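In our numbering, the protein residues as written are 1293 to 1552.
Even glycine gets a Cβ: it sits at the ideal position worked out from N, Cα and C.
None of the values given here were measured: they were computed from a predicted structure.
Quick notes on the structure that follows.
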Amino acid sequence: MFKKLNVKTLVIILIILAAIYTIAEMTGGRDRSFRNVLVEVDTADVESIYIRPAGKDLPVVLNRTSVGAWEVSGEGGSYPADIGMVRSILSQFTLMKPERVAATTDKKWADFELNDSLATRVTLKGAGEELADLMIGKFSYTQPPPAQGQQNPYQQQQRGKMTSYVRLTDETPVYAVDGFLKMAYQDNVNAYRNKSLVKVSRDDIATLSYTYPDRAIDLEKTDGHWMMNGQPADSAAMVKYLNKLSRLNSSAFVDPSVVK
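As structure tokens, this is what we get:
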């Protein structure tokens, strides 16, 4: 009887151990395919950003200069870069956490626009090594749930959810991450160029001079009042004009080949 009891106990123990092993294997497999952190980069270490837009063979390259500024190169030229766009790109890589695994096979890459011809590839480099290499695919938008019952007119309306689909370039799984990542990327060099022509404090502007073929206009601020060619200028018009002038941006760039 005692021997039979031991055999039964042994069988039960073996069954329990087998169940624990199976659960551990299933959990371990899931952990190996799911990353808690997809990309984590110290942006201070980034010296170059290579952006290969979908359908393009050559990348747009953003490089940090020796004085800490950024320049963009591609399509045969190098230009000062828009620091706002650079910061927007780098902010995506400070800590990118996946929300879920969307696919585990490369057969699904095309569905998420993550194959070579459809994805935007972004590579970060620093100190001669690769810091991150990411493929960015399509995005989806989920409407917020409808409000229940009578809606408070002063209550803030819920926002919809933007989801982007990405994968590490040398790995197969597709991950869903929060946000519209592709919005930060364009397919031409000019989109990354610094468009700021004038950026000063409006109150620091004291004189303005304009010379035309047939006349000249001189504007000068005296005792807090603007004078135009010695006559009082319209104060409201000057405030409006100076607001625009102090933050003047270009809307497009002229092709250097057509400039004579």
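Between F1472 and K1430, is the Cβ-Cβ spacing less than 7 Å? The residue you call residue 1472 lines up with position 180 of the sequence shown. The residue you call residue 1430 lines up with position 138 of the sequence shown. No.
Against chain D, does R1392 count as a neighbour if the rule is that its beta carbon must be under 7 Å from one of theirs? Absence of chain D from the displayed structure is noted, only one protein chain being present.
Of the choices V1333, P1437, N1535 and N1328, whose alpha-carbon is the least far from that of K1417? Position 125 of the sequence shown, counting from 1, holds the residue named residue 1417. Selected option, being the one with the closest Cα: V1333.
How many Å lie between E1463 and L1540 at the Cα? The count along the sequence shown starts at 1 and reaches residue 1463 at position 171. The count along the sequence shown starts at 1 and reaches residue 1540 at position 248. Taken atom to atom, the span from the alpha-carbon of E1463 to that of L1540 is near 44 Å.
Quick one: is R1485 buried, meaning 16 or more other Cβ sit within 10 Å of its Cβ, or exposed? Reading the sequence shown from its first residue, position 193 is the one you call residue 1485. Buried.
Tell me whether D1398 sits in a helix, a strand or coil according to DSSP, three-state version. By 1-based counting over the sequence shown, the position of residue 1398 is 106. If DSSP states are grouped into helix, strand and coil, D1398 belongs with the helices.
Taking 7 Å as the cut-off, decide whether the C-beta atoms of V1466 and Y1477 are in contact. Numbered from its first residue, the sequence shown carries residue 1466 at position 174. Numbered from its first residue, the sequence shown carries residue 1477 at position 185. Result no, Cβ atoms of V1466 and Y1477 do not sit closer than 7 Å.
Counting Cβ pairs, one atom from each stretch, are 3 or more of them under 8 Å apart for the stretch 1504 to 1518 and the stretch 1418 to 1425? no
I need the straight-line Cα distance from A1310 to R1327, nearest angstrom please. For the purposes of this step, residue 1310 is taken as residue 18 along the sequence shown, with counting starting at 1. For the purposes of this step, residue 1327 is taken as residue 35 along the sequence shown, with counting starting at 1. Taking the straight line joining both Cα atoms gives about 27 Å.
Tell me which residue opens and which closes the alpha helix (DSSP H) that V1466 is part of. Here residue 1466 refers to the residue found at position 174 of the sequence shown. Not the alpha helix (DSSP H): V1466 falls in the beta strand (DSSP E), residues V1466 to D1470.
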